[in-house]
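S.K.: Sharing a structure below in structure tokens format, with a few things to ask.
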Amino acid sequence: MKHYDLIVVGSGAAGLAAAVYAGRYKLSTLVVEGEFGGETATAGVIENYPGIPAIEGYELMRSMKKQAQGTGAVFLDAWVKEIIQEGKCFVVKTEKEEIRSTMVVLGIGSQRRHLNLPNEKELTGRGIHYCWTCDGPLYGGKVVAMIGGGDSSVKGVNFLAEYAEKIFLLYRDTDVRAEPINFERMQKLGDKVVLLPKTEVKEIVGEKKLEKIVLSQEYNGSFELPVDALFVEIGFDPDQTFVKQLGLETDERGYVKTDAHMNTNVPGLFVAGDMTNHFGGFKQDITAAALGSVAATSAYEYKKNNPDICVSHDKPS
Amino acid sequence: MANVTIYSTPTCVYCKAAKEFFEANNVSYKEKNVAEDEQAREEMVRKSEQMGVPVIDIDGTIVIGFDKEKIAELLGISS
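The listed protein sequences derive, respectively, from chains A and B.
Take the first sequence: its letter number 123 is residue 133 in this note's numbering, and every next letter is one higher.
Take the second sequence: its letter number 70 is residue 186 in this note's numbering, and every next letter is one higher.
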């Protein structure tokens, strides 16, 4: 079995930043990618990553991967099925192979929330969509809705405005929580965008494709709103895949508990990115990357302080 | 050699990932941009009965999304 100092699970901003730092610390490092690029890859154009005025999220992730490879990190295009502790070592099981490591950085992010309404699954791809950068361009000249009150949904509205004829933005609260620069852009779209505050989707109606949604509040005298598409951008929940397997302590919302240096309750196991609530609701590419760098630094310190904790004669490759 | 067509939009990252996968495995493919080409969009909807991209047609078998495992199996690519 191959042995690495560090296995990074996940290849979003947190995982890739951890790999960049770990490589520079001369830790033998393997990144098990999962879905390449994580949430950043689907975020559309990113304009708030310092040093880069504007870049597609996918391209930013490709650049980070290249940088990590340049430091010596190795990548495995596979999904982790299980992580077990074997003495003071970790064994990471993927569908392709099993690999041993002294330390693990988990950066698997979060899982997209769904509306959990009847018909949602059946009409996914048939009017219900979760990736506006992917499927938004198919609705040229159509009437669409976006549900969600965060920055991503406002970015999504601004993106869809290039294609759709009219966009309804539905959100639960009285205000949207968007970056002012993105909100201002949306305001400049004028009548093309209709804001529906304090509004939720109660029903999804359609047979072979989405025909209309039923709102919790009336709009123009009706609870029914005919739309060609509904883009769902209502946030994420921390990924729980390895929490029970590894006995990780979490808070009441499922975020993995860490100290300020991304140490968990499991020695040698660190987390980074959206699995933690380190910066509260402020979850950005830059914060994920920062946490990845901190996790890698803690891994480096851990190895330095425990040089013989997991000894193997196996080589990385 | 398999006849491969990918229906995509320019901003779809899963489409980019699929094309990179084809290129890495020397699979030649035809690309149809369904954001601009209305005829291709109708063709995609007819074949896949849905509006999400990418849709990949491999010798008449339709794959919705970048399902790497299934695509590799259809193309006889071992991981």
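C-beta: ideal position from N, C-alpha, C; glycine also.
None of the values given here were measured: they were computed from a predicted structure.
Between the alpha carbons of E210/A and G158/A, how many angstroms are there, rounded?
M.R.: Position 200 of the first sequence holds residue 210/A. Position 148 of the first sequence holds residue 158/A. Distance between the alpha carbons of E210/A and G158/A is about 9 Å.
S.K.: Which residues share a DSSP beta bridge with S124/B?
M.R.: Counting from 1 along the second sequence, the entry for residue 124/B is found at position 8. According to DSSP, S124/B bridges with N149/B.
S.K.: Does K293/A come out as helix, strand or coil in the three-state DSSP assignment?
M.R.: To locate residue 293/A, count along the first sequence from 1; it is residue 283. Correct three-state label for K293/A: coil.
S.K.: Please report whether the beta-carbon of D284/A lies at a distance below 8 Å from any beta-carbon of chain B.
M.R.: In the first sequence, counting from the first residue as 1, residue 284/A sits at position 274. Taking Cβ atoms only, chain B never reaches closer than 8 Å to D284/A, which makes this a no.
S.K.: Does chain A have any CB closer than 8 Å to the CB of Y145/B?
M.R.: Your numbering for residue 145/B matches position 29 in the second sequence. By this cut-off, Y145/B is not an interface position.
S.K.: If the criterion is Cβ atoms closer than 8 Å, does the pair A188/A and D161/A meet it?
M.R.: As a position in the first sequence, residue 188/A is number 178, starting the count at 1. As a position in the first sequence, residue 161/A is number 151, starting the count at 1. In this structure, D161/A lies closer than 8 Å to A188/A by Cβ.
S.K.: Hey, is Y68/A's beta-carbon within less than 8 Å of any beta-carbon in chain B?
M.R.: The sequence position of residue 68/A within the first sequence is 58, counting from 1. At a cut-off of 8 Å between beta carbons, Y68/A contacts chain B.
S.K.: Quick check: the Cα distance between D185/A and P207/A, rounded to an integer number of angstroms?
M.R.: Position 175 of the first sequence, counting from 1, holds the residue named residue 185/A. Position 197 of the first sequence, counting from 1, holds the residue named residue 207/A. Answer to the nearest angstrom: the Cα atoms are 7 Å apart.
S.K.: Given that L148/A touches chain B, what residues does it touch there, using C-beta distances under 8 Å?
M.R.: As a first step, residue 148/A must be located in the first sequence, where it is residue number 138. What L148/A touches in chain B: T125, V150, A151, R157, M167, V169.
S.K.: Could you work out which residue in F233/A, F246/A, A28/A is closest to F292/A when comparing CA atoms only?
M.R.: Within the first sequence, the letter at position 282 stands for residue 292/A. Checked all of F233/A, F246/A, A28/A; the closest Cα to F292/A is F246/A.
S.K.: Kindly identify the DSSP beta-bridge partner or partners of G160/A.
M.R.: Taking the first sequence and counting its residues from 1, one reaches residue 160/A at position 150. Looking at the DSSP output, G160/A sits in a beta bridge with R187/A.
S.K.: Quick one: does F246/A have its CB under 8 Å from some CB of chain B?
M.R.: Position 236 of the first sequence, counted from the start, is the residue given in the question as residue 246/A. Not an interface residue.
S.K.: When you check each C-beta in the segment 114-145 of chain A against every C-beta of chain B, which residues fall closer than 8 Å?
M.R.: T134, G135, R136, G137, H139, C141, T143, C144, D145
S.K.: Name the two residues that bound the continuous alpha helix (DSSP H) containing V143/B.
M.R.: For the purposes of this step, residue 143/B is taken as residue 27 along the second sequence, with counting starting at 1. Here V143/B belongs to no alpha helix (DSSP H), and DSSP marks it neither H nor E.
S.K.: Using 8 Å as the limit for Cβ to Cβ distance, is F46/A near chain B?
M.R.: On the first sequence, residue 46/A is found 36 positions in, with the first residue counted as 1. Yes, because at least one Cβ of chain B sits closer than 8 Å to the Cβ of F46/A.
S.K.: What residue from A88/A, I118/A, G117/A, H124/A has the CA that sits closest to E108/A's CA?
M.R.: Counting from one through the first sequence, the residue named residue 108/A turns up at place 98. Ranking A88/A, I118/A, G117/A, H124/A by Cα distance to E108/A puts A88/A first.
S.K.: Apart from the five residues on each side of it in sequence, which residues of its chain come closer than 6 Å, Cβ to Cβ, to F138/B?
M.R.: Numbered from its first residue, the second sequence carries residue 138/B at position 22. So the list reads Y145, once near-sequence residues are dropped.
S.K.: Which of the residues in the segment 48-60 of chain A, read from start to end, lie with their CB under 8 Å from any CB of chain B?
M.R.: A51, T52, G54
S.K.: In chain order, what residues of the same chain lie with their CB nearer than 6 Å to the CB of L205/A, ignoring the 5 residues before and after it?
M.R.: Looking up residue 205/A in the first sequence gives position 195. L179, listed in sequence order.
S.K.: Is it right to say K218/A is buried, meaning 16 or more other beta carbons lie within 10 angstroms of its own, or is it exposed?
M.R.: If you number the first sequence from 1, residue 218/A lands on position 208. Burial state of K218/A is exposed, judged by a 10 Å Cβ sphere holding fewer than 16 other Cβ atoms.
S.K.: What are the start and end residues of the beta strand (DSSP E) that includes Q121/A?
M.R.: Looking up residue 121/A in the first sequence gives position 111. 120-122 is the span of the beta strand (DSSP E), which, as asked, contains Q121/A.
S.K.: Note down, one range per segment and in chain order, each alpha helix (DSSP H) of at least 4 residues found wholly within the segment 41-100 of chain A.
M.R.: Entirely contained in the segment 41-100 of chain A, the alpha helix (DSSP H) runs reaching 4 residues are, in chain order, 48-51, 67-80.
S.K.: Just to confirm, does L199/A get its C-beta within under 7 Å of one of the non-hydrogen atoms of the ligand MN?
M.R.: With respect to small molecules bound, the structure shown includes none, and the ligand MN cannot be examined in it.
S.K.: With distances taken between CB atoms, is the gap from S73/A to G48/A smaller than 8 Å?
M.R.: Taking the first residue of the first sequence as position 1, residue 73/A is located at position 63. Taking the first residue of the first sequence as position 1, residue 48/A is located at position 38. In this structure, G48/A does not lie closer than 8 Å to S73/A by Cβ.
S.K.: Over what stretch of residues does the alpha helix (DSSP H) that includes E108/A continue unbroken?
M.R.: Here residue 108/A corresponds to residue number 98 of the first sequence, with the count starting at 1. Premise fails: E108/A lies in the beta strand (DSSP E), 108-116, not in any alpha helix (DSSP H).
S.K.: Check for me: the alpha helix (DSSP H) holding I187/B runs from which residue to which?
M.R.: If you number the second sequence from 1, residue 187/B lands on position 71. I187/B -> alpha helix (DSSP H) spans 184-191.
S.K.: Would you kindly work out how many angstroms separate the C-alpha atoms of I191/A and N315/A, rounded to a whole number?
M.R.: To locate residue 191/A, count along the first sequence from 1; it is residue 181. To locate residue 315/A, count along the first sequence from 1; it is residue 305. Taking the straight line from one Cα to the other gives about 46 Å.
S.K.: Give me the DSSP bridge partner(s) of V102/A.
M.R.: By one-based count along the first sequence, residue 102/A stands at place 92. V102/A is bridged to I93/A, I109/A.
S.K.: In chain order, which alpha helix (DSSP H) runs of at least 4 residues are fully inside the segment 226-292 of chain A?
M.R.: 253-256
S.K.: Between T104/A and A270/A, what straight-line distance do the alpha-carbon atoms span, to the nearest angstrom?
M.R.: Reading the first sequence from its first residue, position 94 is the one you call residue 104/A. Reading the first sequence from its first residue, position 260 is the one you call residue 270/A. Their Cα atoms are separated by approximately 30 Å.
S.K.: Start and end of the alpha helix (DSSP H) containing D145/A?
M.R.: The count along the first sequence starts at 1 and reaches residue 145/A at position 135. Start and end: 142-145.
S.K.: Alpha helix (DSSP H) containing K161/B: first to last residue?
M.R.: Locating residue 161/B in the second sequence gives position 45, counting from the first residue. Looking at the sequence itself, residue 161/B is Val, so the reference to Lys does not match. Unbroken alpha helix (DSSP H) run through V161/B: 154-164.
S.K.: Applying a beta-carbon distance threshold of less than 9 Å, which residues of chain A neighbour V179/B?
M.R.: Walking along the second sequence from the start, residue 179/B turns up at place 63. Simply none; closest approach about 13 Å.
S.K.: By how many angstroms is the C-alpha of L170/A removed from the C-alpha of Y123/B?
M.R.: Position 7 of the second sequence, counting from 1, holds the residue named residue 123/B. Position 160 of the first sequence, counting from 1, holds the residue named residue 170/A. Between Y123/B and L170/A, the alpha-carbon positions lie close to 19 Å from each other.
S.K.: Closer than 8 Å, CB to CB, is A188/B near chain A or not?
M.R.: Counting from 1 along the second sequence, the entry for residue 188/B is found at position 72. Cβ-Cβ to chain A under 8 Å: no for A188/B.
S.K.: How big is the Cα-Cα spacing for I180/B and V169/B?
M.R.: Mapped onto the second sequence, residue 180/B falls at position 64. Mapped onto the second sequence, residue 169/B falls at position 53. Our two residues, I180/B and V169/B, have alpha carbons roughly 7 Å apart in a direct line.
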